[in-house]
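Below is one structure, written out as structure tokens; comments come after it.
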Amino acid sequence: MEPADFIWQNGELVAWEDAKVHVLTHGLHYGTGVFEGERAYETSRGPAIFRHRDHLDRLFKSAELYYMPIPYTLAELRAATHELIVANDLRECYIRPLAFRGYGQMGLYPLDAPVEVAIAAWVWGAYLGEEGKKRGIRAKISSWRRIGHDSLIPHAKASGQYLNSALAKIEASKAGYEEAILLDSRGFVCEGTGENVYAVRDGQIVTPPQTAGILDGICRKSIVQIARDLGFEVVERDLARAELYLAEEVFLSGTAAELVPVREIDDHAIGGGGPGPITRQIQRVYDDALHGRDQRYANWLDLVEVPAGHTVRMTGSAQP
Numbered sequence: 062m063e064p065a066d067f068i069w070q071n072g073e074l075v076a077w078e079d080a081k082v083h084v085l086t087h088g089l090h091y092g093t094g095v096f097e098g099e100r101a102y103e104t105s106r107g108p109a110i111f112r113h114r115d116h117l118d119r120l121f122k123s124a125e126l127y128y129m130p131i132p133y134t135l136a137e138l139r140a141a142t143h144e145l146i147v148a149n150d151l152r153e154c155y156i157r158p159l160a161f162r163g164y165g166q167m168g169l170y171p172l173d174a175p176v177e178v179a180i181a182a183w184v185w186g187a188y189l190g191e192e193g194k195k196r197g198i199r200a201k202i203s204s205w206r207r208i209g210h211d212s213l214i215p216h217a218k219a220s221g222q223y224l225n226s227a228l229a230k231i232e233a234s235k236a237g238y239e240e241a242i243l244l245d246s247r248g249f250v251c252e253g254t255g256e257n258v259y260a261v262r263d264g265q266i267v268t269p270p271q272t273a274g275i276l277d278g279i280c281r282k283s284i285v286q287i288a289r290d291l292g293f294e295v296v297e298r299d300l301a302r303a304e305l306y307l308a309e310e311v312f313l314s315g316t317a318a319e320l321v322p323v324r325e326i327d328d329h330a331i332g333g334g335g336p337g338p339i340t341r342q343i344q345r346v347y348d349d350a351l352h353g354r355d356q357r358y359a360n361w362l363d364l365v366e367v368p369a370g371h372t373v374r375m376t377g378s379a380q381p
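Residue numbering for the sequence shown follows the numbering used here, starting at 62 and increasing by one per position.
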């Protein structure tokens, strides 16, 4: 990880090394937190956050589902993110807003513990590697099943739920693969450890539905719209494991990973064993959208505002 200068924590900018919590913080023990993953990209008009409002809206919805009233408005967190990016002098970055139950209450009843909020922003390259975006990655179907609607809330981006993804990621890595794909409790394809899944079959793009227990991916919404704008048919339906092996193309999408082709699953070569033409076409348009080069998707970008006479509020040892 490449440290930045500041982190926004509970209403103020603090030095990166001073952004700390108590060891008895409730979220550390019980996973009581919700978060988002966002990216800002360099554009011809300056740095812009991709679908920022959509990400913050999902943060608030995740918090509501877990009975966590966030003590800031969406507008305040948007402004705080802009302030943080400017203070850290970042042109492109990964952004991690996090709300969690803090110090003050132990035990499984969380509602008496305060809700704290932090936002971090730092330089972080492609999650599955630039080479993976170019050549495609190798994935393994995990033995771990995706958490279901009957146990937790898959639609929420909640901290504790990602132990499920961590187990699948470790298993895949130890077996020599870059990523894992999880099935749902019925045995149908669900999602990657942090990405949505798509398969191209007979020119049609198939992706698992919400009922499969997927996260309602913001990148997924973008990819689906771009694919349809390009004239491709996109179908949301249950997807059998074998359909991935037989697909002409498979790709993943997520904020950290962006759009990544899958060239092999469980040692089955996908299509020609490399990124396919439909994947490449969508990937190019998506990349243009991220960097403000396609005006059809200009409303997806939140340009970072640099206030006139901007001064940095801070605590700790770092100096702006």
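Cβ atoms here follow ideal geometry from the backbone N, Cα and C, with glycine treated the same way. These figures come from a predicted structure and were not determined experimentally.
* To do: Ignore the nearest five residues each way along the sequence and tell me which others in Ile214's own chain have a CB closer than 6 Å to its CB.
  => One-based indexing of the sequence shown puts residue 214 at position 153. So the qualifying residues of the chain are Leu126.
* Inter-stretch contact at 8 Å, needing at least 3 Cβ pairs: the segment 126 to 136 / the segment 80 to 91 -> no
* Asked: Can Leu305 and Val250 be called in contact, C-beta distance under 9 Å?
  -> Position 244 of the sequence shown holds residue 305. Position 189 of the sequence shown holds residue 250. Yes.
* Asked: Whose CA, out of Phe293, Ala241, Ala260 and Thr316, lies closest to the CA of Asp277?
  -> As a first step, residue 277 is located in the sequence shown; it is residue number 216 there, counting from the start. Considering only alpha carbons, the answer is Thr316.
* Asked: What residues are listed by DSSP as bridge partners for Cys280?
  -> For the purposes of this step, residue 280 is taken as residue 219 along the sequence shown, with counting starting at 1. None, per the DSSP bridge assignment.
* To do: At 3 residues or longer, and completely inside the segment 169 to 230: list those beta strand (DSSP E) runs for me, N to C.
  => 176 to 183 and 198 to 202
* Compute the Euclidean distance between the alpha carbons of Ser109 and Leu159, then round it to the nearest angstrom. => For the purposes of this step, residue 109 is taken as residue 48 along the sequence shown, with counting starting at 1. For the purposes of this step, residue 159 is taken as residue 98 along the sequence shown, with counting starting at 1. Sequence check: residue 109 is Ala here, not Ser. About 20 Å.
* Asked: Could you check where the alpha helix (DSSP H) with Tyr91 kicks off and where it finishes?
  -> Within the sequence shown, the letter at position 30 stands for residue 91. Looking at the DSSP string, the run of the alpha helix (DSSP H) that includes Tyr91 is His87 to Tyr91.
* **Leu82 to Ala76 span [Cα, whole Å]** => Here residue 82 refers to the residue found at position 21 when the sequence shown is read from its first residue. Here residue 76 refers to the residue found at position 15 when the sequence shown is read from its first residue. The question names Leu, but residue 82 in the sequence shown is Val. Straight-line Cα distance between these residues: approximately 13 Å.
* Would you tell me roughly how many angstroms separate the C-alpha atoms of Gly335 and Gly165, rounded to the nearest one? => Position 274 of the sequence shown holds residue 335. Position 104 of the sequence shown holds residue 165. Using only the alpha carbons, I get a separation of about 52 Å.
* Report the option in Pro270, Gly190 and Tyr238 whose CA atom is closest to the CA atom of Ala200. => Your numbering for residue 200 matches position 139 in the sequence shown. Closest option to Ala200, Cα to Cα, is Tyr238.
* Asked: At which residues does the alpha helix (DSSP H) containing Ser123 begin and terminate?
  -> Stepping through the sequence shown from its first residue, residue 123 is reached at position 62. His113 to Leu126 is the extent of the alpha helix (DSSP H) around Ser123.
* Per DSSP, Gln70 forms a beta bridge with which residues? -> Taking the sequence shown and counting its residues from 1, one reaches residue 70 at position 9. The partner list for Gln70 (beta bridge, DSSP) reads Glu73 and Ala179.
* In DSSP terms, what Arg262 is bridged to -> On the sequence shown, position 201 is the one that residue 262 refers to. Partner(s): Gln265.
* Beta-carbon proximity list for Arg289, same chain, < 7 Å, skipping 5 on both sides -> Taking the sequence shown and counting its residues from 1, the one referred to as residue 289 is at position 228. Counting only Cβ-Cβ distances below 7 Å, and skipping sequence neighbours, we find Val295.
* Extent of the continuous beta strand (DSSP E) to which Leu7 belongs -> Residue 7 is absent from the structure shown; the chain starts at 62 and stops at 381.
* To do: Round the Cβ separation of Leu244 and Arg206 to the nearest angstrom and send it over; I've been treating them as touching at under 8 Å.
  => Here residue 244 corresponds to residue number 183 of the sequence shown, with the count starting at 1. Here residue 206 corresponds to residue number 145 of the sequence shown, with the count starting at 1. That belief holds up - the Cβ atoms of Leu244 and Arg206 are roughly 6 Å apart, short of 8 Å.
* Asked: Looking only at C-alpha atoms, which of Asp348, Glu325 and Asp66 sits nearest to Ile198?
  -> On the sequence shown, residue 198 is found 137 positions in, with the first residue counted as 1. Comparing Cα positions, the closest option is Glu325.
* Asked: With C-beta atoms as the reference, is Thr268 less than 9 Å away from Glu297?
  -> For the purposes of this step, residue 268 is identified with residue 207 of the sequence shown, where counting begins at 1. For the purposes of this step, residue 297 is identified with residue 236 of the sequence shown, where counting begins at 1. Yes, the Cβ-Cβ distance between Thr268 and Glu297 is below 9 Å.
* In the DSSP assignment, find the unbroken alpha helix (DSSP H) run with Leu244 in it and report its ends. => The residue labelled residue 244 in the question sits at position 183 within the sequence shown. Note, Leu244: premise wrong, no alpha helix (DSSP H); beta strand (DSSP E) at Glu240 to Leu244.
* Sorted by chain position, which residues of the same chain lie with C-beta nearer than 6 Å to Gln344's C-beta, five sequence neighbours on each side aside? -> Position 283 of the sequence shown, counting from 1, holds the residue named residue 344. Only Leu320 meet the Cβ criterion.
* Asked: What does DSSP give as the partner residues of Tyr102 in its beta bridges?
  -> Locating residue 102 in the sequence shown gives position 41, where the first residue counts as 1. Per DSSP, Ala109.
* Going by the beta-carbon positions, is the gap between Leu189 and Glu240 smaller than 9 Å? -> Here residue 189 refers to the residue found at position 128 of the sequence shown. Here residue 240 refers to the residue found at position 179 of the sequence shown. For Leu189 and Glu240, yes; Cβs fall inside 9 Å.
* Asked: In terms of DSSP beta bridges, what is Ala301 paired with?
  -> As a working note, residue 301 is residue 240 in the sequence shown. Answer by DSSP bridge pairing, in chain order: Phe249.
* Are the Cβ atoms of Ala101 and Val365 separated by less than 9 Å? -> Counting from 1 along the sequence shown, the entry for residue 101 is found at position 40. Counting from 1 along the sequence shown, the entry for residue 365 is found at position 304. In contact: Ala101 and Val365 (Cβ atoms closer than 9 Å).
* To do: Give me whichever residues DSSP pairs with Ala257 in a beta bridge.
  => Numbered from 1 along the sequence shown, position 196 holds the residue referred to as residue 257. The amino acid at residue 257 is misidentified as Ala; the sequence shows Asn. Note: Asn257 sits in a beta bridge opposite Ser314.
* **Continuous beta strand (DSSP E) stretch holding Ala160: start and end** => As a working note, residue 160 is residue 99 in the sequence shown. Cys154 to Arg162 is the span of the beta strand (DSSP E), which, as asked, contains Ala160.
* To do: Evaluate Asn149 with the Cβ neighbour count: other Cβ atoms within 10 Å of its Cβ, from every protein chain shown; 16 or more gives buried, anything less gives exposed.
  => Position 88 of the sequence shown, counted from the first residue, corresponds to residue 149. Flag for Asn149 reads buried.
* How many Å lie between Ile331 and Gln70 at the Cα? -> As a working mapping, residue 331 is identified with position 270 in the sequence shown. As a working mapping, residue 70 is identified with position 9 in the sequence shown. Approximately 45 Å between the Cα atoms of the pair.
* **Where Val147 falls: helix, strand or coil (DSSP)** => Translated into positions along the sequence shown, residue 147 becomes position 86. If DSSP states are grouped into helix, strand and coil, Val147 belongs with the helices.
* To do: Please confirm whether Gln342 and Leu291 have their CB atoms less than 9 Å apart.
  => As a working mapping, residue 342 is identified with position 281 in the sequence shown. As a working mapping, residue 291 is identified with position 230 in the sequence shown. Cβ distance < 9 Å, so Gln342 and Leu291 count as in contact.
* Of all the options Gly98, Gly193 and Arg162, which has the alpha carbon lying nearest to the alpha carbon of Tyr128? -> Taking the sequence shown and counting its residues from 1, the one referred to as residue 128 is at position 67. Checked all of Gly98, Gly193 and Arg162; the closest Cα to Tyr128 is Arg162.
* Asked: The beta strand (DSSP E) spanning Val95 covers which residue range?
  -> Taking the first residue of the sequence shown as position 1, residue 95 is located at position 34. Per DSSP, Val95 belongs to the beta strand (DSSP E) from Gly94 to Phe96.
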